[in-house]
Each structure stands twice: as C-alpha cells, then as structure tokens.
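Shown next, in structure tokens, is the structure this report addresses.
This is the structure in structure tokens:
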C-alpha cells in the first residue's frame with residue numbers, strides 16, 4: 099500500500115518536475131530555475147499535485163510554483179507506515195493539516 103505509494107510519489111514528482119530541474123536533494127521543489135526564471139505549475143502537474151499559495155489556497159495551472167502538495171488520501175492499518183512517510187524525504191509533499199493518524 100503506502101510503501102509502494104512512497105515510490106509512486108517520488109517518481110511522479112520527478113516525472114512532472116525534473117524536466118524543469120527544480121528538485122533539490124530533499125525532493126522538495128524550489129521556486130526558481132538556474133537562469134532566474136520561475137518554474138511554472140502546468141496542467142499536467144495538476145493531475146497529481148496541488149500548487150498551494152502562502153495563504154494555503156489552491157493556485158490555478160499556468161502559475162509560478164509556490165508549494166507542491168500531493169493530491170492523495172493515504173489510509174493504512176499500520177500507523178507506523180504513514181508516520182514513516184510523513185517523516186521521510188517526501189514529508190513536505192503531504193499537507194500535515196489534512197493528515198489524520200489514529
């Protein structure tokens with residue numbers, strides 16, 4: 099389940115964002131390219147990711163990348179699996195305010 103999900107999200111992030119070379123070593127997305135132009139959130143990225151403004155509102159496609167969040171509902175019978183995901187290298191990809199662990 100979620101162990102495979104971690105691999106999926108890592109691959110999806112790289113597939114959709116690596117073409118712009120905007121992934122740093124912690125799998126987070128930065129806001130600018132090496133030549134100074136901003137990275138853009140496009141229609142294809144909106145399938146798997148939300149681009150969230152500093153005020154936590156969803157931003158539309160064809161805007162500058164601010165903060166990518168996974169469009170995901172993660173459910174597992176083992177809380178440790180989800181905790182591991184939320185503490186791992188992809189932790190910033192998941193919205194902690196929308197996460198519930200019982």
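Residue numbers (the numbering used here): 99 to 200. For glycine and all other residues, C-beta sits at the position ideal for the given N, C-alpha and C. None of the values given here were measured: they were computed from a predicted structure.
Exposure of residue i, with buried meaning 16 or more beta-carbon neighbours within 10 Å
i           : result
residue 106 : exposed
residue 197 : exposed
Neighbourhood of residue i by C-beta distance below 7 Å, restricted to the same chain and skipping five residues each side
i           : result
residue 188 : 104, 107, 108 and 125
residue 159 : 139, 140, 141 and 144
Extent of the continuous alpha helix (DSSP H) run through residue i
i           : result
residue 185 : 177-185
Same chain, Cβ closer than 8 Å to residue i, five either side skipped, listed in chain order
i           : result
residue 101 : 179
residue 186 : 104
residue 174 : 99, 100 and 180
residue 170 : 103, 107 and 192
Coarse secondary structure for residue i, derived from DSSP in three states
i           : result
residue 110 : helix
residue 166 : strand
residue 197 : coil
residue 160 : coil
residue 104 : helix
residue 120 : Confidence in residue 120 is poor, its pLDDT being 45 and thus under 50, which makes the residue's placement too unreliable to answer from.
For residue i, the first and last residue of its enclosing beta strand (DSSP E)
i           : result
residue 146 : Where residue 146 is concerned, there is no enclosing beta strand (DSSP E), given that its DSSP letter is neither H nor E.
Own chain residues within Cβ distance below 6 Å of residue i, not counting five before or after
i           : result
residue 177 : 199
residue 147 : 166
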